[in-house]
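Everything below concerns the one structure shown next.
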Amino acid sequence: MAFSPRAVVVASIAALLVAVVAEGYHGEFTASYYDKTCPDAQNIVRTVMERSVAANPRMAPAILRLFFHDCFVNGCDASVLLNSTDSMPSEKDELPNASLAGFDVVDKIKEELEKKCPATVSCADVLALASRDAVAMLGGPNWSVLLGRKDSLYVAKNATEELPDPKGDLEQLRDMFGKHGLDERDLTALSGAQSVGKAPSYNFRERIDGYGYDDIDPSYAAQLRRSCEPNCDEAAGVPFDQRTPMKFDTLYYQDLLAKRGLLATDQALYAQGSFAGELVLTYSRNQEAFFADFVTAMVKMGNILPEPWTPAEVRLKCSVANGRY
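Residues -22 to -1, 1 to 303 (mature numbering (1 follows the signal peptide of the UniProt record, and there is no 0)) are what the sequence shown spells out, left to right.
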């Protein structure tokens, strides 16, 4: 699956972005990190992603969601990929992660990398690169990914508390993103990733049934109720954007203007008088502005560091810490 020409961000802007983020966050991360140790790394990731998405298009948004859920819990350390053990539960088992998918795609990428460059490319970097490629394959922007992350040996505790509550309000979202160094512009731009995502019905069922929510278009709520009777398929999920569910575009923001946000946290972005609300209006009309801000926010999110005490390594297998096969 080839990248669309319109999905490419202007090179000079991307180069400037990489330079600024590398200096402002942690200079040891660089787009050329594997140029000498594994020069084919990015091509390998892209090739496996193209093959996987061609076989199952849902894997593109699934990989993007995996990256979000990893970075928001103790930083971008691939802890979300770890399986449970006798002594350690898995982040996969917590409710916000119950519908995550794409783990097998990450495993396939890692297997190919291990053949070419053993014990070199971290699973955390695989997720960062695969997410970038997923966005581009869906018609979104492309960018230079800063690399050099390491993989955690352990999962983080209380992952549920580190991920945004789908029933939360704008203030809660600001606080959640803010503690990771992400501002309101980053929050609003990153939320646009849900243009290509899905949500299980337990995240919005109360909203469409009318339990205290008056910020949803009644006809949209009725449509969702009909599609969820007698019950929704939790595994399949419901698209955030029902018009172009597999295209990375601005219709997600247009839906918010019409009170057709699937989750309470989606619709909360279009709060009257808020900066987020102004951005929703801008993005709904200007795809270039959305793409540019999304790239900036993705690079910032991708550089959220784990706690300094976190033991780390380059895992040989993404689902298991080294020495624990």
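For glycine and all other residues, C-beta sits at the position ideal for the given N, C-alpha and C.
Quick one: residues in its chain with C-beta nearer than 8 angstroms to the C-beta of Arg110, no 5 flanking neighbours on either side, listed in chain order?
One-based indexing of the sequence shown puts residue 110 at position 132. Excluding the 5 residues flanking it on each side, Arg110 has same chain C-beta neighbours closer than 8 angstroms at Asn120, Trp121, Val123 and Met276, in chain order.
Quick check on this structure: which residue in Asp18, Phe50 and Cys16 has the alpha carbon closest to the alpha carbon of Pro284?
Within the sequence shown, the letter at position 306 stands for residue 284. Of Asp18, Phe50 and Cys16, the residue nearest in Cα terms is Phe50.
Burial state of Asp55, where buried means 16 or more other Cβ atoms lie within 10 Å:
The residue given as residue 55 occupies position 77 in the sequence shown. Answer is buried; the Cβ neighbour count reaches 16.
C-alpha gap between Gly126 and Ala97, whole angstroms
In the sequence shown, the residue the question calls residue 126 occupies position 148. In the sequence shown, the residue the question calls residue 97 occupies position 119. Distance between the alpha carbons of Gly126 and Ala97 is about 13 angstroms.
Check the C-beta distance from Leu165 over to Arg152 and give it rounded, since I have them as a contact under 8 angstroms.
Sequence index remark: in the sequence shown, residue 165 carries index 187 (1-based). Sequence index remark: in the sequence shown, residue 152 carries index 174 (1-based). Correct: roughly 7 angstroms between the Cβ atoms.
What is the residue span of the alpha helix (DSSP H) that Ile282 lies within?
In the sequence shown, the residue the question calls residue 282 occupies position 304. Where Ile282 is concerned, there is no enclosing alpha helix (DSSP H), given that its DSSP letter is neither H nor E.
Look at the Cβ atom of Leu168, then the Cβ atom of Ala249, and state whether they are nearer than 8 angstroms.
Against the sequence shown, residue 168 aligns to sequence position 190. Against the sequence shown, residue 249 aligns to sequence position 271. Contact flag unset, no.
Measure the C-alpha to C-alpha separation of Ser10 and Cys101 and round it to an integer number of angstroms.
Within the sequence shown, the letter at position 32 stands for residue 10. Within the sequence shown, the letter at position 123 stands for residue 101. Between the alpha carbons of Ser10 and Cys101 lies a gap of roughly 17 angstroms.
Would Leu105 pass as a contact of Ala19 if the rule is Cβ separation under 8 angstroms?
Your numbering for residue 105 matches position 127 in the sequence shown. Your numbering for residue 19 matches position 41 in the sequence shown. The answer is no: Cβ separation not under 8 angstroms.
DSSP beta-bridge partners of Val298
Translated into the one-based positions of the sequence shown, residue 298 becomes position 320. BP columns for Val298 point to Lys295.
If you reduce the DSSP assignment to three classes, tell me which class Asp111 lands in.
Position 133 of the sequence shown, counted from the first residue, corresponds to residue 111. It is helical.
Three-state secondary structure assigned by DSSP to Pro196:
Your numbering for residue 196 matches position 218 in the sequence shown. Of the three classes helix, strand and coil, the one that applies to Pro196 here is helix, per DSSP.
Please list the terminal residues of the continuous alpha helix (DSSP H) segment that includes His47.
The residue you call residue 47 lines up with position 69 of the sequence shown. Where His47 is concerned, the enclosing alpha helix (DSSP H) stretches over Met37 to Cys49.
Which residues does DSSP list as the beta-bridge partners of residue 307?
For residue 307 there is no data in the structure shown, the boundaries of the chain being -22 and 303.
Give, in chain order, every unbroken run of the alpha helix (DSSP H) that is at least 4 residues long and sits entirely within the region 42 to 107.
The qualifying runs are 81 to 94.
In the DSSP output, which residue or residues are listed as bridge partners for Ala177?
Taking the first residue of the sequence shown as position 1, residue 177 is located at position 199. Answer is Val216.
What is the residue span of the alpha helix (DSSP H) that Arg221 lies within?
In the sequence shown, residue 221 corresponds to position 243, counting from 1. First-last for Arg221: undefined, no H or E at that position.
Of all the options Leu259, Glu266, Arg238 and Thr25, which has the alpha carbon lying nearest to the alpha carbon of Ser197?
In the sequence shown, the residue the question calls residue 197 occupies position 219. Residue Arg238 is the option with its Cα nearest to Ser197.
Have a look at Ala254, Phe268, Pro67 and Phe45 and flag the residue whose alpha-carbon is nearest the alpha-carbon of Glu162.
Looking up residue 162 in the sequence shown gives position 184. Closest by alpha carbon: Ala254.
Within the chosen definition, does the region 20 to 37 reach the region 66 to 73 through at least 3 CB pairs nearer than 8 angstroms?
no
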